[in-house]
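Enquirer: In this text, residue positions in the sequence shown follow our numbering: the first is 73, and each later residue adds one.
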Amino acid sequence: MKAAIQVLGIDLGGTAIKLGRFTPDGTCLQALTVPTPQPALPRAVLMTIVDAIADLDPKREACAIGIGMPGPTDAKGRIARIAINLPDWIEIPLADWIEEKTGRPTILSNDANCAGLGEAWLGAGKAFQNFILLTLGTGVGGAIILNGELFIGHTGAAGELGLISLDANGAPCKSGNRGSLEQHTSIQAIRRRTGKEPDELCRLARSHDPAALEFWRAYGRDLGLGLTSLIYVLTPEAILIGGGISASAEFFLPSAIAEIEQRVMPTSREGLQIIPAQLGNCAGMIGAAKLALNSRYIENCPE
Numbered sequence: 073m074k075a076a077i078q079v080l081g082i083d084l085g086g087t088a089i090k091l092g093r094f095t096p097d098g099t100c101l102q103a104l105t106v107p108t109p110q111p112a113l114p115r116a117v118l119m120t121i122v123d124a125i126a127d128l129d130p131k132r133e134a135c136a137i138g139i140g141m142p143g144p145t146d147a148k149g150r151i152a153r154i155a156i157n158l159p160d161w162i163e164i165p166l167a168d169w170i171e172e173k174t175g176r177p178t179i180l181s182n183d184a185n186c187a188g189l190g191e192a193w194l195g196a197g198k199a200f201q202n203f204i205l206l207t208l209g210t211g212v213g214g215a216i217i218l219n220g221e222l223f224i225g226h227t228g229a230a231g232e233l234g235l236i237s238l239d240a241n242g243a244p245c246k247s248g249n250r251g252s253l254e255q256h257t258s259i260q261a262i263r264r265r266t267g268k269e270p271d272e273l274c275r276l277a278r279s280h281d282p283a284a285l286e287f288w289r290a291y292g293r294d295l296g297l298g299l300t301s302l303i304y305v306l307t308p309e310a311i312l313i314g315g316g317i318s319a320s321a322e323f324f325l326p327s328a329i330a331e332i333e334q335r336v337m338p339t340s341r342e343g344l345q346i347i348p349a350q351l352g353n354c355a356g357m358i359g360a361a362k363l364a365l366n367s368r369y370i371e372n373c374p375e
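Right under this line is the structure:
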């Protein structure tokens with residue numbers, strides 16, 4: 073790939089928008105974080121992104137843009153189908169809007185998919201051709217990498233790993249499901265179950281608080297139960313655990329692994345590694361840059 077090429081990776085979140093300018097070897101030349109406008113209506117977000125792009129790349133050196141969205145996009149990476157936690161984001165042609173304002177080709181994908189691409193490119197997924205990423209945070213997102221490629225399905229909406237069912241009569245989910253993995257393992261679920269924040273429960277566990285330690289063991293069992301279904305379907309080489317809750321992995325991964333070992337036949341988990349993701353809050357931005365680098369638009373970049 074031509075060394076002079078630069079792309080922009082953008083991670084759109086509910087409270088912040090992270091942007092970076094990257095070269096094909098993964099070097100981040102410059103990064104910028106701006107607040108997401110509140111309310112985060114589509115046109116307001118558009119103008120915030122356009123202004124931030126002008127600040128990040130005033131010389132217009134980047135030739136393509138990748139954007140990670142908090143929700144599914146269409147298979148061509150043009151339309152934000154829905155963003156559950158952002159108002160009025162239904163079938164928004166964001167790629168067209170950005171192209172119209174910036175004059176540069178743009179491609180969209182789900183933010184967790186972008187995080188998976190980022191981990192495959194520069195993070196903990198580099199050593200694997202087949203892995204899944206689970207992001208444990210405000211929600212629970214996921215990404216599937218098969219044979220070194222991001223799997224999004226025929227409509228672009230595959231990989232919503234946090235929405236698989238655990239309990240038919242469990243807490244309702246904004247997706248319309250009940251008792252999803254997200255409703256057992258997200259920050260919101262932890263607050264509902266304990267009245268505490270994950271970082272507080274982490275501190276308590278580090279001080280050997282019995283209730284906190286038991287909570288994380290139960291949390292790990294729920295996580296392991298959800299991962300059991302994913303392992304049987306995908307038999308990945310690795311499962312990467314990311315998101316803010318992963319800071320407490322030392323307290324919940326042992327019980328998650330024990331649950332998996334009890335429920336999954338050895339032939340379906342042979343050589344399986346369950347490890348922390350590496351890129352933290354930058355994973356989505358990095359993966360959005362890789363999305364742009366992988367796109368057909370890169371063929372038109374100048375020498």
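For each residue, glycine too, the CB sits at the ideal point set by N, CA and C.
Taking the straight line between their C-alpha atoms, what separation do you get for E371 and I137?
Expert: Cα-Cα distance, rounded: 13 Å.
Enquirer: Tell me which residue opens and which closes the alpha helix (DSSP H) that D281 is part of.
Expert: Segment: none, D281 is in no alpha helix (DSSP H) and carries neither H nor E.
Enquirer: With a CB to CB cut of under 8 Å and the five nearest residues on each side skipped, what residues in its chain are close to H226?
Expert: Contacts found: A147.
Enquirer: Using a Cβ-Cβ cutoff of less than 7 Å, which residues in the same chain neighbour S301 once the five nearest sequence positions on both sides are dropped?
Expert: Hits under 7 Å: I236.
Enquirer: Starting from the Cα of C186, find the closest Cα among G214, A124, G86 and give me that residue.
Expert: With distances taken between Cα atoms, C186 lies closest to G214.
Enquirer: State the DSSP-derived secondary structure class of C100, mapped to helix, strand or coil.
Expert: In the structure shown, C100 sits in a strand (DSSP, three-state: E or B).
Enquirer: Tell me whether the beta-carbon of I156 lies closer than 9 Å to the beta-carbon of G175.
Expert: Not closer than 9 Å, so no.
Enquirer: Where does the unbroken alpha helix (DSSP H) through L113 begin, and where does it stop?
Expert: Here L113 belongs to no alpha helix (DSSP H), and DSSP marks it neither H nor E.
Enquirer: Whose C-beta lies closer than 6 Å to the C-beta of C373 among residues of the same chain, with five residues either side of it excluded?
Expert: I77, C135, listed in sequence order.
Enquirer: Please go through the segment 163-240 and give each complete alpha helix (DSSP H) segment of 4 or more residues, from N-terminal end onward.
Expert: You should have 166-174, 183-194.
Enquirer: Excluding the 5 residues flanking K90 on each side, which residues of the same chain have their C-beta closer than 6 Å to its C-beta?
Expert: Correct list, in chain order: D83, T105, M357.
Enquirer: In this structure, how does DSSP classify K246 when only helix, strand and coil are distinguished?
Expert: Here K246 sits in coil by DSSP.
Enquirer: Within the same chain, show all residues whose beta-carbon is closer than 7 Å to that of D127, passing over the 5 residues directly before and after it, in chain order.
Expert: Once the five neighbours on either side are set aside, the close Cβ partners of D127 are L104.
Enquirer: Label A240 either buried or exposed according to how many other C-beta atoms from any shown protein chain fall within 10 Å of its C-beta, with 16 as the threshold for buried.
Expert: Exposed, by the Cβ-count rule.
Enquirer: Look at the alpha carbon of I125 and the alpha carbon of K246, and state the distance between them as a whole number of angstroms.
Expert: Their Cα atoms are separated by approximately 32 Å.
Enquirer: Pop quiz: I179 and A167 are said to be a contact at Cβ under 8 Å. What is the actual Cβ separation, rounded to whole angstroms?
Expert: Between A167 and I179 the Cβ distance is about 6 Å, and since that is below 8 Å, they are a contact.
Enquirer: V212 and S252 - do their beta-carbons sit closer together than 9 Å?
Expert: In contact: S252 and V212 (Cβ atoms closer than 9 Å).
Enquirer: Assign L297 to one of three DSSP states: helix, strand, or coil.
Expert: In this structure, L297 counts as helix in the three-state DSSP scheme.
Enquirer: Which residue wins for smallest C-alpha separation from P348, given the options P107, L238, L312?
Expert: The residue with the shortest Cα to Cα distance from P348 is L312.
Enquirer: For E163, I'd like the list of residues in its chain whose CB is within less than 7 Å of its CB, leaving aside the five on either flank, ordered along the chain.
Expert: Only I151, R153 meet the Cβ criterion.
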